[in-house]
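Enquirer: In UniProt numbering, the protein residues as written are 1 to 271.
Here a beta-carbon is modelled for each residue, glycine too, at the ideal position from N, C-alpha and C.
1. With distances taken Cα to Cα, identify the nearest neighbour of residue 247 among 175, 151 and 69.
2. Can you tell me whether residue 127 is buried or exposed, with buried defined as 16 or more other CB within 10 angstroms of its CB?
3. Consult DSSP for residue 185 and reduce its assignment to one of helix, strand or coil.
4. Please determine, among 132, 57, 178 and 135, the residue with the shortest C-alpha to C-alpha distance to residue 320.
5. Per DSSP, which residues does residue 70 bridge with? Please list them.
6. When DSSP labels each residue in this structure, what does residue 199 get in the three-state scheme?
7. In angstroms, rounded to a whole number, what distance separates the CA positions of residue 190 and residue 223?
8. When the Cα of residue 132 is compared with those of 43, 143, 233 and 57, which residue comes out closest?
9. Using the Cα positions of residue 196 and residue 74, report the straight-line distance between them to the nearest angstrom.
10. Can you give me the start and stop residues for the alpha helix (DSSP H) that residue 62 sits inside?
11. Do you know offhand how far residue 79's Cα is from residue 155's?
12. Between residue 228 and residue 106, what straight-line distance do the alpha-carbon atoms span, to the nearest angstrom?
13. Residue 135: which of 94, 255 and 182 sits nearest, CA to CA?
14. Using three-state DSSP, classify residue 179 as helix, strand or coil.
15. With respect to the beta strand (DSSP E) encompassing residue 145, which residues constitute its N-terminal and C-terminal limits?
16. Which residues mark the beginning and the end of the alpha helix (DSSP H) in which residue 220 is found?
Below, the structure is given as structure tokens:
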């Protein structure tokens with residue numbers, strides 16, 4: 001676990017991201033897809049892999065040296081608007097995972113530690129050995145200058161503060177303030193009886209990120225919010241928009257009496 005956390009907060013992941021972004025070959029490539037759960041960049045994910053098809057997939061990515069595969073969620077309910085006409089039993093957007101540690105058992109099962117590296121959009125896919133192989137496009141955030149312009153325009157149009165739990169009510173806040181309030185929420189919950197940010201969870205997922213671009217991904221991983229809400233965070237290409245989304249969640253939770261009784265059931269996804 002110590003090795004995973006040091007990996008999570010090292011510069012290696014960022015360097016890999018930057019290199020991939022600059023390499024045109026990474027703009028569209030074919031990757032194996034694991035349909036299981038929602039994951040996010042720069043956040044660890046723990047997996048227990050036992051299905052034969054995904055055991056084979058894991059063996060292949062380890063043997064070919066990539067140690068990477070795409071993770072998407074099973075589709076539940078109506079098709080998300082972001083997915084458009086994408087017709088599949090899983091979501092169109094997902095996160096590339098990199099295997100940081102692997103424990104294999106004699107019966108073929110594996111306990112796998114991974115870290116999210118970047119988001120992608122599925123362009124097309126086929127089936128191979130029981131799992132999807134997809135052509136994916138890497139998803140990047142909008143430029144920093146565009147973020148600044150968005151913040152300026154929103155604050156000019158809505159200069160009225162408020163505590164309502166809606167995205168519109170947050171438009172007057174600077175992006176830095178949204179991040180600060182998020183960190184404050186996490187700190188306050190760590191001192192309460194809430195299990196979401198208990199020491200064992202922080203030990204597994206790391207301290208709340210000081211990078212405002214990554215902070216919403218970390219929050220979305222830990223808070224018990226419906227996946228359709230988390231999906232909005234995953235597909236958003238605006239740091240400010242992601243911060244506003246998770247701020248709405250946090251303000252809503254602060255107003256609910258059941259907040260202090262919450263908790264995570266575990267830190268391992270069973271697929």
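Expert: Taking the geometry as given:
1. Translated into the one-based positions of the chain shown, residue 247 becomes position 247. The shortest CA-to-CA distance from residue 247 to any of 175, 151 and 69 is the one to 175.
2. Looking up residue 127 in the chain shown gives position 127. Looking at its Cβ environment, which holds fewer than 16 other Cβ atoms inside 10 Å, residue 127 is exposed.
3. Mapped onto the chain shown, residue 185 falls at position 185. Residue 185 falls in the helix class under three-state DSSP.
4. Missing from the structure shown is residue 320; the chain here goes from 1 to 271 and no further.
5. Walking along the chain shown from the start, residue 70 turns up at place 70. BP columns for residue 70 point to 33 and 96.
6. Along the chain shown, read from residue 1 onward, the residue named residue 199 stands at position 199. Three-state DSSP puts residue 199 in a helix.
7. Taking the first residue of the chain shown as 1, we reach residue 190 at position 190. Taking the first residue of the chain shown as 1, we reach residue 223 at position 223. Roughly 13 Å between the two C-alpha positions.
8. Translated into positions along the chain shown, residue 132 becomes position 132. Nearest option by C-alpha distance: 57.
9. By 1-based counting over the chain shown, the position of residue 196 is 196. By 1-based counting over the chain shown, the position of residue 74 is 74. Going from the Cα of residue 196 to the Cα of residue 74 covers about 24 Å.
10. To locate residue 62, count along the chain shown from 1; it is residue 62. Taken as a continuous stretch (DSSP letters only), the alpha helix (DSSP H) holding residue 62 covers 52 to 63.
11. In the chain shown, residue 79 corresponds to position 79, counting from 1. In the chain shown, residue 155 corresponds to position 155, counting from 1. Cα to Cα, residue 79 sits roughly 33 Å from residue 155.
12. Taking the chain shown and counting its residues from 1, one reaches residue 228 at position 228. Taking the chain shown and counting its residues from 1, one reaches residue 106 at position 106. For residue 228 and residue 106, the distance between alpha carbons rounds to 37 Å.
13. Residue 135 sits at position 135 when you count from the first residue of the chain shown. Measuring from the Cα of residue 135, the nearest candidate turns out to be 94.
14. Taking the chain shown and counting its residues from 1, the one referred to as residue 179 is at position 179. Three-state result, residue 179: helix.
15. As a position in the chain shown, residue 145 is number 145, starting the count at 1. Per DSSP, residue 145 belongs to no beta strand (DSSP E); it is in the alpha helix (DSSP H), 144 to 157.
16. Residue numbering aside, residue 220 sits at position 220 when the chain shown is read from its first letter. Looking at the DSSP string, the run of the alpha helix (DSSP H) that includes residue 220 is 215 to 222.
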